[in-house]
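Q: Sharing a structure with you now.
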Amino acid sequence: MAENDIAIEVRNVTKSFKVYLDKGAQLKERLLFRKRSRYEERKVLRGISFDVKKGEAIGLIGHNGCGKSTTLKLLTRIMYPDSGSINIKGRVSSLIELGAGFHPDMSGRENIYTNASIFGLTKKEIDARLDSIVEFSELEDFIDNPVRTYSSGMYMRLAFSVAINVDADVLLIDEILAVGDANFQTKCFNKLREIKAQGATIVIVSHALGQIEQICDRSVWIHEGLIRAEGPPKEVDLEYLDFMSRRVQEKNRDETGGAELSAESGGKRWGSGEARITSVRSYAADGSEQNAFRTGEDIRLCVEYTVKEPLEDAVIGFGVFDMNGVQCYGTNTRIDKIGGLSLGNSGKAVITLKDVKLIGGEYTIDLAIEKGEGIPVDYYRQAYRIQMLSSLGDAGIARIDHTWDIQR
Amino acid sequence: MSTIKELYAYRQMIFSLVKKDLRGRYKGSVLGFLWTFINPLFQLIVYTIVFSKILRNDIPRYYLYLFVALIPWIFFSSSITVGAASIISQKDLVKKIYFPRMVIPISYVTSCFVNMLLCFIVIFAVIIVTGAGVNFLALLTLPVIMIVEYIFALGMAMIASAVTVYFRDLEHILGIIAMAWMYLTPVVYSKKIVPDRYLPLFNLNPMTHIIDCYRTVLYEKQIPDLTALLWAAGLGVFFLVFGAFVFNKLQKHFAEEL
Numbered sequence: 225m226a227e228n229d230i231a232i233e234v235r236n237v238t239k240s241f242k243v244y245l246d247k248g249a250q251l252k253e254r255l256l257f258r259k260r261s262r263y264e265e266r267k268v269l270r271g272i273s274f275d276v277k278k279g280e281a282i283g284l285i286g287h288n289g290c291g292k293s294t295t296l297k298l299l300t301r302i303m304y305p306d307s308g309s310i311n312i313k314g315r316v317s318s319l320i321e322l323g324a325g326f327h328p329d330m331s332g333r334e335n336i337y338t339n340a341s342i343f344g345l346t347k348k349e350i351d352a353r354l355d356s357i358v359e360f361s362e363l364e365d366f367i368d369n370p371v372r373t374y375s376s377g378m379y380m381r382l383a384f385s386v387a388i389n390v391d392a393d394v395l396l397i398d399e400i401l402a403v404g405d406a407n408f409q410t411k412c413f414n415k416l417r418e419i420k421a422q423g424a425t426i427v428i429v430s431h432a433l434g435q436i437e438q439i440c441d442r443s444v445w446i447h448e449g450l451i452r453a454e455g456p457p458k459e460v461d462l463e464y465l466d467f468m469s470r471r472v473q474e475k476n477r478d479e480t481g482g483a484e485l486s487a488e489s490g491g492k493r494w495g496s497g498e499a500r501i502t503s504v505r506s507y508a509a510d511g512s513e514q515n516a517f518r519t520g521e522d523i524r525l526c527v528e529y530t531v532k533e534p535l536e537d538a539v540i541g542f543g544v545f546d547m548n549g550v551q552c553y554g555t556n557t558r559i560d561k562i563g564g565l566s567l568g569n570s571g572k573a574v575i576t577l578k579d580v581k582l583i584g585g586e587y588t589i590d591l592a593i594e595k596g597e598g599i600p601v602d603y604y605r606q607a608y609r610i611q612m613l614s615s616l617g618d619a620g621i622a623r624i625d626h627t628w629d630i631q632r
Numbered sequence: 017m018s019t020i021k022e023l024y025a026y027r028q029m030i031f032s033l034v035k036k037d038l039r040g041r042y043k044g045s046v047l048g049f050l051w052t053f054i055n056p057l058f059q060l061i062v063y064t065i066v067f068s069k070i071l072r073n074d075i076p077r078y079y080l081y082l083f084v085a086l087i088p089w090i091f092f093s094s095s096i097t098v099g100a101a102s103i104i105s106q107k108d109l110v111k112k113i114y115f116p117r118m119v120i121p122i123s124y125v126t127s128c129f130v131n132m133l134l135c136f137i138v139i140f141a142v143i144i145v146t147g148a149g150v151n152f153l154a155l156l157t158l159p160v161i162m163i164v165e166y167i168f169a170l171g172m173a174m175i176a177s178a179v180t181v182y183f184r185d186l187e188h189i190l191g192i193i194a195m196a197w198m199y200l201t202p203v204v205y206s207k208k209i210v211p212d213r214y215l216p217l218f219n220l221n222p223m224t225h226i227i228d229c230y231r232t233v234l235y236e237k238q239i240p241d242l243t244a245l246l247w248a249a250g251l252g253v254f255f256l257v258f259g260a261f262v263f264n265k266l267q268k269h270f271a272e273e274l
């Protein structure tokens, strides 16, 4: 690789923060309570190195607190590394804090000048870009009104338009594409692609892996201050999702101590009580217990129950709801024509959900045992919770398999 | 060198910060921009009463003698006292976005400087109205004196603003230092009455020479002592380089300290 192909060079960068337990910022306090200025050193980055080629787009991924935002801040030179070096070639524009230095009493136009000047543009350069900034922000009619009269959406649009029109060689982005409505987001996204096509280098920090997969050539997964994996987004993101689902699962188990159910647990339940659901567990296709799954995986639900009085013609059912309470699916043994169940002893029902195409998000599951023509024996609302993880940014409830065939 | 190049690239930011500061400073007050003049005028009246009516002296036209020294002094002292808090007052910017941090003290000192230039309009008005007159040849050196003072003030402001981030008391300590410094500089009195054995000490103070030069040009209507001006310029440049060095060292952790 030729030397001048590299736009960003990061070498063995470490960074730690002092977390003061009780800091005295004044002379008096410093002198009197010298012992108090104790601090803990928290190592956020433990030595990371990577290169970004000119025109390449990379995504930094990792869970909260892993150091990816710190890395971005080091790249923008808001902070400096404790050791190691960072070299960036060309003009840097950051979409980290939009609208920095906006003055509410000044007009949109004046704020464009102030804000763009903070990116290091001269008046001449701003003059040349003014029209495209205003046009991109779609604020033509309001541009001479004071910014304080803007809605927050308008404010962000203006700020984003300035930042993206700087014509930077290197663009640093932190969770930015949550700007404005869906239309404007699409517009921003297209603009990013355009900028990339023009040869700009882009670094994105995001939790929306779908966005990263769409725009980045490479993902860098930072875990506890070190690079854990890097490579094509599709591969690294999957690895990361796998890791996260295991983590979420462990955390959930810690919180609930398994999924033992009791009458007091969160959800509402009612029914005549001849039989009761006692526990719910979920397993992945490979048999490992977990409750976070990737879209498209099989999920096996094991529902254990105890029987106090034997039941003839019992029906077991379940329903899946998203976080808005919308039922995504529901069925029971009667609908599925399993026939009347006679429950005499305690036992368990295993429900295998094939190829679950629910999009990313949290879901709750209702479980029910009924008798006869739908008389609840034990109806348990929100008995269980699962999490779906998806790297795509698709929308709706469930993914519909589809193919594209574009003819031109 | 690269710092200078970068600052040049960010000149528009300095310009817009100065503009914002000058426009915003007196926003909402009834007299608005007039405060730029009223404040020094009242100081002038008080000092004139105290030092020519109560503590009598034999300096003719004492008000003018004082005025031509007081305005430059106010520029210097406000540069370091206001400048000290400059980084802290812009912490939202500093924490969020990259730009050469020196832009902040530079724009604060520059806006104080512009204020001084505006006050000079009043000085010239007084000179003309009272018929004191000017020496045009000597006036040519005035911009040089101003630039020397600007350089020195900027150097001090850089040190003050950077250190204040880590040590907030400095802002208040500087208020006391500025007052002491004023009385240790021949602003309200003449350098001639300083006892000989203290003179070397006074001569170390660049402000002694700078104030003296202003006075020579505007009050005595003479071309100032160029060696004194050169000495002040040398010290000014030294402090600017030293201040920039200190600032550069300290600015790396601004974002974490704020």
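Top line first, the protein sequences correspond to chains A and B. Numbering (the working numbering) for the first sequence: 225 to 632. Numbering (the working numbering) for the second sequence: 17 to 274. Glycine is no exception: its CB is placed at the ideal position from the N, C-alpha and C atoms. It should be emphasised that the depicted structure is a prediction, and the values quoted were computed from it without experimental measurement.
Against chain B, which members of the region 284-310 of chain A pass a CB distance test of less than 7 Å?
A: If the cut-off is 7 Å between Cβ atoms, the region 284-310 of chain A has T300, R301, I302, M303 and Y304 near chain B.
Q: Where does A/A421 land, buried or exposed, given buried means 16+ other C-beta within 10 angstroms?
A: As a position in the first sequence, residue 421 of chain A is number 197, starting the count at 1. Its Cβ having fewer than 16 others within 10 Å, A/A421 is exposed.
Q: Residues of the region 383-412 of chain A with a CB closer than 7 Å to any CB of chain B: list them in chain order, please.
A: For the region 383-412 of chain A, which is checked against every Cβ of chain B, not one residue is closer than 7 Å.
Q: In terms of alpha-carbon separation, which member of A/G325, A/E233 and A/S307 lies closest to A/F241?
A: Translated into the one-based positions of the first sequence, residue 241 of chain A becomes position 17. Minimum Cα distance to A/F241 is reached at A/S307.
Q: Which runs of the alpha helix (DSSP H), 4 residues or longer, sit entirely within the region 194-249 of chain B?
A: Complete alpha helix (DSSP H) runs here, min 4: 215-220 and 222-234.
Q: Which bits of chain A does B/I113 rub up against, with CB to CB less than 9 Å?
A: By 1-based counting over the second sequence, the position of residue 113 of chain B is 97. Those are T300, I302, S318, I320, E321, A324, G325, I342 and F343, listed as they occur along chain A.
Q: Using a Cβ-Cβ distance cut-off of 9 Å, determine whether B/A25 contacts chain A.
A: For this step, residue 25 of chain B is matched to residue 9 along the second sequence. For B/A25, the answer is yes, since a Cβ of chain A falls inside 9 Å of its Cβ.
Q: Where do the ends of the beta strand (DSSP E) carrying A/C440 lie?
A: By 1-based counting over the first sequence, the position of residue 440 of chain A is 216. No beta strand (DSSP E) contains A/C440, which DSSP labels as neither H nor E.
Q: List the residues of chain A whose Cβ lies closer than 8 Å to the Cβ of B/L109, in chain order.
A: The sequence position of residue 109 of chain B within the second sequence is 93, counting from 1. Near B/L109 (Cβ distances below 8 Å), the residues of chain A are A324, G325 and I342.
Q: Taking only the alpha-carbon atoms, compute the straight-line gap between B/C135 and B/L200 and give it to the nearest angstrom.
A: Here the question's residue 135 of chain B lines up with position 119 in the second sequence. Here the question's residue 200 of chain B lines up with position 184 in the second sequence. So the two alpha carbons sit approximately 23 Å from each other.
Q: Quick one: does A/I367 have its CB under 9 Å from some CB of chain B?
A: In the first sequence, counting from the first residue as 1, residue 367 of chain A sits at position 143. Closer than 9 Å: no.
Q: Please report how far the alpha carbon of A/I357 lies from the alpha carbon of A/F408, in whole angstroms.
A: For the purposes of this step, residue 357 of chain A is taken as residue 133 along the first sequence, with counting starting at 1. For the purposes of this step, residue 408 of chain A is taken as residue 184 along the first sequence, with counting starting at 1. For A/I357 and A/F408, the distance between alpha carbons rounds to 14 Å.
Q: Please list the terminal residues of the continuous alpha helix (DSSP H) segment that includes A/A424.
A: Along the first sequence, one-based indexing puts residue 424 of chain A at 200. Here A/A424 belongs to no alpha helix (DSSP H), and DSSP marks it neither H nor E.
Q: 9 Å is my cut-off, CB to CB: does A/T480 come that close to chain B?
A: As a working mapping, residue 480 of chain A is identified with position 256 in the first sequence. The pLDDT assigned to A/T480 is 49, lower than 50, so where the model puts this residue is not dependable, and the model offers no usable value.
Q: How long is the line joining the alpha carbons of B/I54 and B/L47, rounded to whole angstroms?
A: The residue you call residue 54 of chain B lines up with position 38 of the second sequence. The residue you call residue 47 of chain B lines up with position 31 of the second sequence. When rounded, the distance between both Cα atoms is 9 Å.
Q: Could you check whether the Cβ of B/E22 sits closer than 9 Å to any Cβ belonging to chain A?
A: What you label residue 22 of chain B is simply residue 6 of the second sequence in a count that begins at 1. True, the Cβ-Cβ gap to chain A drops below 9 Å.
Q: Report all residues from its chain with a CB closer than 6 Å to the CB of A/L299; omit the five preceding and five following residues, and keep chain order.
A: The sequence position of residue 299 of chain A within the first sequence is 75, counting from 1. Hits under 6 Å: L396.
Q: Can you tell me which of B/P121, B/I96 and B/M223 puts its alpha carbon nearest to the alpha carbon of B/D107?
A: Reading the second sequence from its first residue, position 91 is the one you call residue 107 of chain B. Residue 107 of chain B is actually Lys in this sequence, not Asp. Considering only alpha carbons, the answer is B/P121.
Q: Along the chain, where does the beta strand (DSSP E) that runs through A/I599 open and close?
A: Here the question's residue 599 of chain A lines up with position 375 in the first sequence. Run containing A/I599: I599 to L613, per the beta strand (DSSP E) assignment.
Q: Take the Cβ of A/I419 as the centre, count every other Cβ of all protein chains shown within 10 Å, and call the residue buried at 16 or more, exposed below.
A: For this step, residue 419 of chain A is matched to residue 195 along the first sequence. Buried, since its Cβ has 16 or more Cβ neighbours within 10 Å.
Q: Mind checking if A/S489 is an interface residue toward chain B, Cβ cutoff 9 Å exclusive?
A: Taking the first sequence and counting its residues from 1, one reaches residue 489 of chain A at position 265. Any reading at A/S489 is ruled out, since the residue's pLDDT is 43, under 50, leaving its predicted position unreliable.
Q: Using C-beta distances below 8 Å, list every residue in its chain close to A/G596, excluding the 5 sequence neighbours before and after it, in chain order.
A: In the first sequence, residue 596 of chain A corresponds to position 372, counting from 1. These residues qualify, in order along the chain: D537.
Q: Would you please verify whether the beta carbon of B/K191 is less than 9 Å from any beta carbon of chain A?
A: Along the second sequence, one-based indexing puts residue 191 of chain B at 175. It is Gly, not Lys, that sits at residue 191 of chain B in the sequence shown. No, no contact with chain A.
Q: Of all Cβ atoms in chain B, is any one closer than 9 Å to the Cβ of A/F241?
A: Stepping through the first sequence from its first residue, residue 241 of chain A is reached at position 17. Closer than 9 Å: yes.
Q: Can you tell me whether A/N569 is buried or exposed, with buried defined as 16 or more other CB within 10 angstroms of its CB?
A: Position 345 of the first sequence holds residue 569 of chain A. Label assigned to A/N569: exposed.
Q: Throw me the rounded Cβ distance for the A/A231 and A/I285 pair, which I believe falls under 8 Å.
A: As a working mapping, residue 231 of chain A is identified with position 7 in the first sequence. As a working mapping, residue 285 of chain A is identified with position 61 in the first sequence. With 8 Å as the limit, A/A231 and A/I285 do not qualify as a contact, their Cβ atoms being about 20 Å apart.
Q: Check this for me: beta carbons of A/K411 and A/F343, under 9 Å apart or not?
A: Locating residue 411 of chain A in the first sequence gives position 187, counting from the first residue. Locating residue 343 of chain A in the first sequence gives position 119, counting from the first residue. No, the Cβ-Cβ distance between A/K411 and A/F343 is not below 9 Å.
Q: Taking all protein chains shown into account, decide if A/G481 is buried (16 or more other Cβ within 10 angstroms of its Cβ) or exposed.
A: As a first step, residue 481 of chain A is located in the first sequence; it is residue number 257 there, counting from the start. Here A/G481 scores only 43 on pLDDT, less than 50, and its place in the model should not be relied on; the value that follows carries that caveat. Result: exposed.
Q: Whose C-alpha, out of A/V550, A/F545, A/D546 and A/S496, is nearest the C-alpha of A/P534?
A: Taking the first residue of the first sequence as position 1, residue 534 of chain A is located at position 310. Of the listed residues, the one whose Cα sits closest to A/P534 is A/S496.
Q: Is B/M29 close to chain A, meaning its C-beta is less than 9 Å from at least one C-beta of that chain?
A: One-based indexing of the second sequence puts residue 29 of chain B at position 13. Yes, its Cβ sits closer than 9 Å to a Cβ of chain A.
Q: Using CA coordinates, which residue listed in A/P305, A/A383, A/G289 and A/L354 is at the minimum distance from A/L319?
A: Reading the first sequence from its first residue, position 95 is the one you call residue 319 of chain A. The shortest C-alpha separation from A/L319 is found at A/A383.
Q: Measuring straight from C-alpha to C-alpha, what distance separates A/Y603 and A/V580?
A: The residue labelled residue 603 of chain A in the question sits at position 379 within the first sequence. The residue labelled residue 580 of chain A in the question sits at position 356 within the first sequence. If I take the Cα positions, the gap works out to 24 Å.
Q: Under the rule that 16 or more other beta-carbon atoms within 10 Å means buried, what is A/N288, buried or exposed?
A: By 1-based counting over the first sequence, the position of residue 288 of chain A is 64. Exposed, because fewer than 16 other Cβ atoms sit within 10 Å of the Cβ of A/N288.
Q: Nearest-angstrom Cα distance between B/A178 and B/Y26?
A: Mapped onto the second sequence, residue 178 of chain B falls at position 162. Mapped onto the second sequence, residue 26 of chain B falls at position 10. Straight-line Cα distance between these residues: approximately 19 Å.
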